[in-house]
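**Student:** Structure incoming, see below.
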Amino acid sequence: MRTSRLRTVHPVLWAGWAALAAGAVLCVVGWYGVSGERFAERQLPYLASCTVPGAALIIAGAVLLAHGRSSIAAARVEELYGLLVAAEPADADQTGQVVLAPLAVSGELLMVPGGTLWHRADCPLVAGKAEAVPVDSKLVASGELGPCPICEPAEETD
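Take the sequence shown: its letter number 117 is residue 163 in my numbering, and every next letter is one higher.
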């Protein structure tokens, strides 16, 4: 469900675009003034009064745009988090308790060579991996392998 909300004006973004435009105009004016003068001493006023402030405005505009976009993204993340927290869980029973379906139910246990956990065969961490092999009971008995916290396989091996 999408909420209808008024689009807010982001003054930081507008200020960034305005600074970029003003800086570009000043740089063009400075370049035009410098290009019409033959001697360096007559070009310096254009550099000091137009080109240098224009470049500073372009940098300031870029910083304002970057900051404005990150603040918009942060606001969107906060809005999505609020929607996530406010939403009722889909799998709730009459008492209000959430009933979670098991993530993996297979009885076959697998491990990845060099790994430290054993998994059910349909665990998302090993499902579809060609390198997954059946669990060696010696590794489990020695304590070198632990149960996967996601699929929570049984302690005993087949």
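Note that the Cβ used here is the ideal one computed from N, Cα and C, for glycine as well.
Is DSSP giving V179 helix, strand or coil here?
**Tutor:** Numbered from 1 along the sequence shown, position 133 holds the residue referred to as residue 179. Looking at V179 - three-state DSSP - the assignment turns out to be strand.
**Student:** CA-CA distance, R122 and I196?
**Tutor:** Here residue 122 refers to the residue found at position 76 of the sequence shown. Here residue 196 refers to the residue found at position 150 of the sequence shown. Whole-angstrom Cα-Cα distance: 29 Å.
**Student:** Excluding sequence positions up to five away, which residues of its chain have a Cβ less than 8 Å from the Cβ of K184?
**Tutor:** Numbered from its first residue, the sequence shown carries residue 184 at position 138. Excluding residues within five positions, none has a Cβ falling inside 8 Å.
**Student:** Please report the distance separating the alpha-carbon of G114 from that of W63.
**Tutor:** Walking along the sequence shown from the start, residue 114 turns up at place 68. Walking along the sequence shown from the start, residue 63 turns up at place 17. Straight-line Cα distance between these residues: approximately 11 Å.
**Student:** Between the Cα of V158 and the Cα atoms of V98, E190, L110, L130, which residue gives the shortest distance?
**Tutor:** What you label residue 158 is simply residue 112 of the sequence shown in a count that begins at 1. The shortest Cα separation from V158 among V98, E190, L110, L130 belongs to E190.
**Student:** On the DSSP bridge list, what partners appear for P193?
**Tutor:** On the sequence shown, position 147 is the one that residue 193 refers to. In the DSSP output, where bridge partners are listed per residue, P193 has W164.
**Student:** Just how far apart, CA to CA, sit C194 and E125?
**Tutor:** Against the sequence shown, residue 194 aligns to sequence position 148. Against the sequence shown, residue 125 aligns to sequence position 79. Their backbone Cα atoms lie some 33 Å apart in a straight line.
**Student:** Out of curiosity, what's the CA-to-CA distance linking W60 and I118?
**Tutor:** Position 14 of the sequence shown, counted from the first residue, corresponds to residue 60. Position 72 of the sequence shown, counted from the first residue, corresponds to residue 118. Near 13 Å, if we compare the C-alpha coordinates of I118 and W60.
**Student:** To the nearest angstrom, report how far apart H165 and S188 are at their CA atoms.
**Tutor:** Here the question's residue 165 lines up with position 119 in the sequence shown. Here the question's residue 188 lines up with position 142 in the sequence shown. When rounded, the distance between both Cα atoms is 17 Å.
**Student:** L72 by DSSP, collapsed to three states: which one?
**Tutor:** What you label residue 72 is simply residue 26 of the sequence shown in a count that begins at 1. In this structure, L72 counts as helix in the three-state DSSP scheme.
**Student:** What's the gap between the Cα of G128 and the Cα of A120?
**Tutor:** Looking up residue 128 in the sequence shown gives position 82. Looking up residue 120 in the sequence shown gives position 74. Between G128 and A120, the C-alpha separation is close to 12 Å.
**Student:** Taking Cβ positions, are A178 and V172 nearer each other than 7 Å?
**Tutor:** The residue labelled residue 178 in the question sits at position 132 within the sequence shown. The residue labelled residue 172 in the question sits at position 126 within the sequence shown. A contact, by the Cβ cut-off of 7 Å.
**Student:** Under DSSP, the alpha helix (DSSP H) around L90 begins and ends at which residues?
**Tutor:** Mapped onto the sequence shown, residue 90 falls at position 44. Where L90 is concerned, the enclosing alpha helix (DSSP H) stretches over 86 to 92.
**Student:** With a threshold of 7 Å on Cβ separation, who are the neighbours of Q89 within its own chain once the five nearest residues in sequence on each side are excluded?
**Tutor:** Start at 1 with the first residue of the sequence shown, and residue 89 comes out as number 43. Correct list, in chain order: V80, E83.
**Student:** Express the C-alpha separation of V131 and G76 in angstroms, rounding to a whole number.
**Tutor:** Locating residue 76 in the sequence shown gives position 30, counting from the first residue. Locating residue 131 in the sequence shown gives position 85, counting from the first residue. G76 and V131: Cα-Cα distance of roughly 54 Å.
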